[in-house]
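Structure record follows, encoded as C-alpha cells.
Number of protein chains: 4
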Amino acid sequence: MHNKHSIEIRVRYQETDQGGLLYHGNYFAYFEMGRTELLRSSGYTYREMEAAGAFAVVVKLDCSYKRPARYDDLLTLNTEIVRSTKFKVEHEYTLYRNEELLAIAHTTIGFVNREGIIVPVPEWMAIE
Amino acid sequence: MHNKHSIEIRVRYQETDQGGLLYHGNYFAYFEMGRTELLRSSGYTYREMEAAGAFAVVVKLDCSYKRPARYDDLLTLNTEIVRSTKFKVEHEYTLYRNEELLAIAHTTIGFVNREGIIVPVPEWMAIE
Amino acid sequence: MHNKHSIEIRVRYQETDQGGLLYHGNYFAYFEMGRTELLRSSGYTYREMEAAGAFAVVVKLDCSYKRPARYDDLLTLNTEIVRSTKFKVEHEYTLYRNEELLAIAHTTIGFVNREGIIVPVPEWMAIE
Amino acid sequence: MHNKHSIEIRVRYQETDQGGLLYHGNYFAYFEMGRTELLRSSGYTYREMEAAGAFAVVVKLDCSYKRPARYDDLLTLNTEIVRSTKFKVEHEYTLYRNEELLAIAHTTIGFVNREGIIVPVPEWMAIE
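Protein chains in written order, with the working numbering: chain X, 1 to 128; chain Y, 1001 to 1128; chain H, 2001 to 2128; chain U, 3001 to 3128.
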C-alpha cells in the first residue's frame, strides 16, 4: 500500500457560495477523493472494500483554511496516511493552488461491517 | 393518501453559488423534501417504504425557473400528485417567495425493490 | 466556438445517496462542468465571462434518467449546443458509462449583467 | 447578542450517502444554519451583515463524530459562542437525536470586507 498520492481537482461552480469562494464544507468531498485515489494507486478500490464488507467511517476531522479557493481553480491535493493502528487510519491532506498552500486537514477513519460493528483496519492498509 | 401538501424551506448559505443565487441543481433536494412531507402528512414515511422494500427512483424531471431564490429567503413549496398509474407517480411542484412564483417543476418516479427490479406503485399511494 | 465537447467524470462517494445511486439532483453539477469545459475547449472561460459582466442563468431544464450511475463509475459526458438565439442558448447532454446511455438532458440558459438585467448571448457563442 | 441557541433539523435524503448515513461533510451546512439562527434569535441576520460589508470566513474547524445520523432523523443542534476576541469568534456545536449525542464540533470564524481585507468582529457580536 502506498502511503501518499496526489491528484488534481478543478473547483466546480456548484461548490462555490455567494461569498465567491469554495464553500468550507465542500473540502471534505475532495479529501474523500484523495483517499479513493490513494487506494486506487495502490491497486485497491474503495468500492471493492465495501463489497467485501468493510465500510469506512469518519470518526473525527479537523481542517485549517489558510487561503480561499475559487471557482475554476485547478488545485493539487496531497493525501498521506500518517498513522495506522489496528482500528484507525489517520490521513493528512494538503491542498495547494500552484505553490500556495490553501488548507491542511486530518481525518481519522475506522471501519464497520454491514451490521455497523467495528472491524479492524484491513491488513493491507498498514503502512510498511 | 393526501394529494397535496405545503412546506416552508429557508435557503441555506451552502446552497447558494457565487452568482449570489440558489444553485439551480439544489432545487431538487427541496422537491424531495416536498415528497417526503406529503407522505408524512398522509401518515406514511418514505423511510418505512424503503424498509418495506420499495425504493423511489426519479425517471424524469423538468424545471422552469421564473425568478431567482436567494440566501435566507423563506420559501413555500407546494407539492402535488398530479397523476398516478400502476408504475409511475407524477408530482408537480410550485415554489413561491410570498406571492411570487419562483419555479414550477415536475418529476416522474417509479419504484424498484432491493434488487433493482421495477415494482408497482404502492396501492395506498393512488389518489382517490 | 466549438459546439460540442466530451469530458470524463468519476462519481464521488459524496454524490451518492442511501439508495446506492448517484443522486438525481447531482447530475446538474456535471452538466455545468460540461458547459465549462466546452467553453474552455473553445478558448474561453466562464470565469472570464463573469469578470466581463455576463452571468449565465438556467431558465429551464429537463432530464430523462435511463439507467442509474453508481459510486466510482467513470462516466463520459457529451455536451452540445443545439440551439442559440439572441437571448438563449440550449445545450443537450448525454451521459454514458462505456456504451450504456444513462441520461439525456437539456438546459436553456440566458445571461444577465451584474444588476440582474437580461443581456444578449455573447456573439462569439453563436454556432457557426 | 445571545450566546446560544437550538434548532431542529430533519436529515434530507440528498444528504445521505450510499453507506446509509448522513455524509460527514454535510454536517457543516447544519452548523452554518446554527450560526444563522443564533444571529436571528438575537435580532440580527447574516444577510444584513454581508450587506453591511462583513463576510464571515471559516478559519478552522474540527468535528468529532460519536454516532451516525440517518435519513429522516429529527436532530437538535445546539450552537454556542464559546469565545470571542477582536478578530475571531469560536462556536461550539452539539448535535443530538433525542438524548443521544451524535457529534461535537467547533469552528473559528473571522471577518473580511468586500475586498477580502480582515476586519474586526462586529462589536455587537461580543458576548456580554
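Ideal placement from N, C-alpha and C gives every residue a C-beta, glycine not left out.
| task | Note down, in chain order, every chain Y residue with its Cβ under 8 angstroms from the Cβ of D17 of chain X. | result | Taking the first sequence and counting its residues from 1, one reaches residue 17 of chain X at position 17. Near D17 of chain X (Cβ distances below 8 angstroms), the residues of chain Y are Y1013, Q1014, T1016, D1017, Q1018.
| request: Report the residues of the segment 114 to 125 of chain X with a CB closer than 8 angstroms to any CB of chain H, ordered along the chain. | output: Residues passing the 8 angstroms Cβ filter: none.
| Would you say R3047 of chain U and D1072 of chain Y are within 8 angstroms of each other, going by their C-beta atoms? | The count along the fourth sequence starts at 1 and reaches residue 3047 of chain U at position 47. The count along the second sequence starts at 1 and reaches residue 1072 of chain Y at position 72. Yes, they are a contact pair.
| said: With H, G and I counted as helix, E and B as strand and the rest as coil, what does DSSP make of R1040 of chain Y? | reply: Start at 1 with the first residue of the second sequence, and residue 1040 of chain Y comes out as number 40. Here R1040 of chain Y sits in helix by DSSP.
| Interface residues of the segment 2069 to 2085 of chain H facing chain X [CB-CB below 7 angstroms] | Listed by position, the residues of the segment 2069 to 2085 of chain H near chain X (Cβ gap below 7 angstroms) are Y2071, D2072.
| field | Closest by C-alpha distance to N2003 of chain H, when choosing among H:G2116, H:T2094, H:R2083, H:E2099 | value | On the third sequence, position 3 is the one that residue 2003 of chain H refers to. Looking at the Cα atoms, H:R2083 is the closest of the given residues.
| field | Distance CB(M134 of chain X)-CB(R2035 of chain H) smaller than 8 angstroms | value | Outside the shown range of chain X, which is 1 to 128, sits residue 134 of chain X, and nothing can be said about it.
| field | Identified DSSP bridge partners for G3110 of chain U | value | As a working mapping, residue 3110 of chain U is identified with position 110 in the fourth sequence. U:V3057.
| request: Please report how far the alpha carbon of M3086 of chain U lies from the alpha carbon of E2080 of chain H, in whole angstroms. | output: Reading the fourth sequence from its first residue, position 86 is the one you call residue 3086 of chain U. Reading the third sequence from its first residue, position 80 is the one you call residue 2080 of chain H. In the sequence under discussion, the amino acid at residue 3086 of chain U is Lys, which differs from the Met named in the question. In this structure, the straight-line span from the alpha carbon of K3086 of chain U to that of E2080 of chain H is close to 52 angstroms.
| request: Please name the residue or residues paired with D3062 of chain U in a DSSP beta bridge. | output: Sequence index remark: in the fourth sequence, residue 3062 of chain U carries index 62 (1-based). Looking at the DSSP assignment, D3062 of chain U forms a beta bridge with X:D62, U:H3106.
| task | With DSSP as the reference, label N26 of chain X as helix, strand or coil. | result | As a working mapping, residue 26 of chain X is identified with position 26 in the first sequence. If DSSP states are grouped into helix, strand and coil, N26 of chain X belongs with the helices.
| Taking the continuous alpha helix (DSSP H) assigned at Y3096 of chain U, which residues delimit it? | Reading the fourth sequence from its first residue, position 96 is the one you call residue 3096 of chain U. Counting along the chain, Y3096 of chain U falls outside any alpha helix (DSSP H), though it belongs to the beta strand (DSSP E) covering 3089 to 3097.
| message | Taking a contact to mean a Cβ-Cβ separation below 8 angstroms, would you say F3059 of chain U touches I3117 of chain U in this structure? | response | As a working note, residue 3059 of chain U is residue 59 in the fourth sequence. As a working note, residue 3117 of chain U is residue 117 in the fourth sequence. Correcting the residue identity first, residue 3059 of chain U is Val in this sequence and not Phe. With respect to I3117 of chain U, V3059 of chain U sits apart: the two C-beta atoms are not nearer than 8 angstroms.
| field | the segment 3012 to 3021 of chain U contacting the segment 2087 to 2103 of chain H, beta-carbon criterion three pairs below 8 angstroms | value | Touching, no, given that fewer than three Cβ pairs across the two stretches are closer than 8 angstroms.
| said: Between the alpha carbons of L1061 of chain Y and M1 of chain X, how many angstroms are there, rounded? | reply: One-based indexing of the second sequence puts residue 1061 of chain Y at position 61. One-based indexing of the first sequence puts residue 1 of chain X at position 1. Taking the Cα positions, L1061 of chain Y is about 43 angstroms away from M1 of chain X.
| query | Helix or strand or just coil, what does DSSP make of E1050 of chain Y? | reply | Position 50 of the second sequence holds residue 1050 of chain Y. DSSP places E1050 of chain Y in helix when its eight states are reduced to three.
| Using the C-alpha atoms, what's the distance from Y2044 of chain H back to V1119 of chain Y? | Residue 1119 of chain Y sits at position 119 when you count from the first residue of the second sequence. Residue 2044 of chain H sits at position 44 when you count from the first residue of the third sequence. Rounded to whole angstroms, V1119 of chain Y to Y2044 of chain H spans 47 angstroms at the Cα level.
| DSSP state of E2115 of chain H, grouped into three classes? | Numbered from 1 along the third sequence, position 115 holds the residue referred to as residue 2115 of chain H. Of the three classes helix, strand and coil, the one that applies to E2115 of chain H here is coil, per DSSP.
| task | Within the same chain, show all residues whose beta-carbon is closer than 8 angstroms to that of S1064 of chain Y, passing over the 5 residues directly before and after it, in chain order. | result | The sequence position of residue 1064 of chain Y within the second sequence is 64, counting from 1. A1103, I1104, A1105, listed in sequence order.
| task | Can you give me the Cβ contacts of V89 of chain X inside the same chain, cut-off strictly under 7 angstroms, excluding the 5 residues immediately before and after it? | result | Your numbering for residue 89 of chain X matches position 89 in the first sequence. Counting only Cβ-Cβ distances below 7 angstroms, and skipping sequence neighbours, we find I81, I109, V121, M125.
| field | Segment limits, beta strand (DSSP E) that includes L3021 of chain U | value | As a first step, residue 3021 of chain U is located in the fourth sequence; it is residue number 21 there, counting from the start. Under the DSSP assignment, L3021 of chain U falls outside any beta strand (DSSP E); it carries neither an H nor an E label.
| query | In terms of DSSP beta bridges, what is N2078 of chain H paired with? | reply | On the third sequence, residue 2078 of chain H is found 78 positions in, with the first residue counted as 1. DSSP lists H:S2006, H:T2094 as partners of N2078 of chain H.
| field | Listed by chain order, chain Y residues near G25 of chain X by CB distance under 8 angstroms | value | Within the first sequence, residue 25 of chain X is the residue found at index 25, counting from 1. Per Cβ cutoff of 8 angstroms: Q1014.
| query | Who are the neighbours of V3058 of chain U on chain X, taking C-beta pairs under 7 angstroms? | reply | Your numbering for residue 3058 of chain U matches position 58 in the fourth sequence. Result: H24, Y65.
| message | Any beta carbon of chain X sitting closer than 8 angstroms to that of T2036 of chain H? | response | Your numbering for residue 2036 of chain H matches position 36 in the third sequence. It does; some Cβ of chain X falls within 8 angstroms.
| request: Use the C-beta contact count for L3077 of chain U: other C-beta atoms within 10 angstroms, 16 or more gives buried, fewer gives exposed. | output: By 1-based counting over the fourth sequence, the position of residue 3077 of chain U is 77. Within 10 angstroms of the beta-carbon of L3077 of chain U lie 16 or more other beta-carbons, which makes it buried.
| query | If the cut is a Cβ gap below 9 angstroms, which residues of chain H does A1135 of chain Y touch? | reply | Since the first residue shown for chain Y is 1001 and the last is 1128, residue 1135 of chain Y is missing from the structure and cannot be characterised.
| Spatial distance of Q18 of chain X from Y2096 of chain H (CA atoms) | Here residue 18 of chain X refers to the residue found at position 18 of the first sequence. Here residue 2096 of chain H refers to the residue found at position 96 of the third sequence. Approximately 32 angstroms, taken between the alpha carbons.
| said: Are the CB atoms of Y1027 of chain Y and I1009 of chain Y within a distance shorter than 8 angstroms? | reply: Here residue 1009 of chain Y refers to the residue found at position 9 of the second sequence. Here residue 1027 of chain Y refers to the residue found at position 27 of the second sequence. It is not a contact, given that the beta carbons lie outside the stated cut-off.
| Roughly how many whole angstroms lie between the Cα atoms of H1024 of chain Y and A2069 of chain H? | Locating residue 1024 of chain Y in the second sequence gives position 24, counting from the first residue. Locating residue 2069 of chain H in the third sequence gives position 69, counting from the first residue. Between H1024 of chain Y and A2069 of chain H, the C-alpha separation is close to 21 angstroms.
| query | Taking C-alpha atoms, which residue in X:Y93, X:T107, X:H5, X:L74 lies nearest to L39 of chain X? | reply | For the purposes of this step, residue 39 of chain X is taken as the residue at position 39 of the first sequence. Comparing Cα-Cα distances from L39 of chain X to each of X:Y93, X:T107, X:H5, X:L74, the minimum goes to X:H5.
| Given a threshold of 16 other Cβ atoms within 10 Å of its Cβ, counted over all protein chains shown, does A56 of chain X qualify as buried or as exposed? | Taking the first sequence and counting its residues from 1, the one referred to as residue 56 of chain X is at position 56. Buried: at least 16 other Cβ atoms inside 10 Å.
| At a Cβ threshold of 8 angstroms, is L3101 of chain U touching chain X? | Position 101 of the fourth sequence, counting from 1, holds the residue named residue 3101 of chain U. Taking Cβ atoms only, chain X never reaches closer than 8 angstroms to L3101 of chain U, which makes this a no.
| request: With a 10 Å radius around its C-beta and 16 neighbouring C-beta atoms as the bar for buried, classify E3037 of chain U as buried or exposed. | output: Your numbering for residue 3037 of chain U matches position 37 in the fourth sequence. A residue is called buried once 16 or more other Cβ atoms fall within 10 Å of its Cβ, and E3037 of chain U is buried on that count.
| query | Since Q1111 of chain Y contacts A1052 of chain Y with CB under 8 angstroms, what's their CB separation in whole angstroms? | reply | Within the second sequence, the letter at position 111 stands for residue 1111 of chain Y. Within the second sequence, the letter at position 52 stands for residue 1052 of chain Y. Going by the sequence as given, residue 1111 of chain Y is Phe instead of Gln. The Cβ separation is near 11 angstroms, so there is no contact.
| Pick from X:L75, X:E123, X:S42, X:E50: whose alpha carbon is nearest that of I7 of chain X? | For the purposes of this step, residue 7 of chain X is taken as the residue at position 7 of the first sequence. Ranked by how close their Cα comes to the Cα of I7 of chain X, the residues X:L75, X:E123, X:S42, X:E50 have X:L75 in first place.
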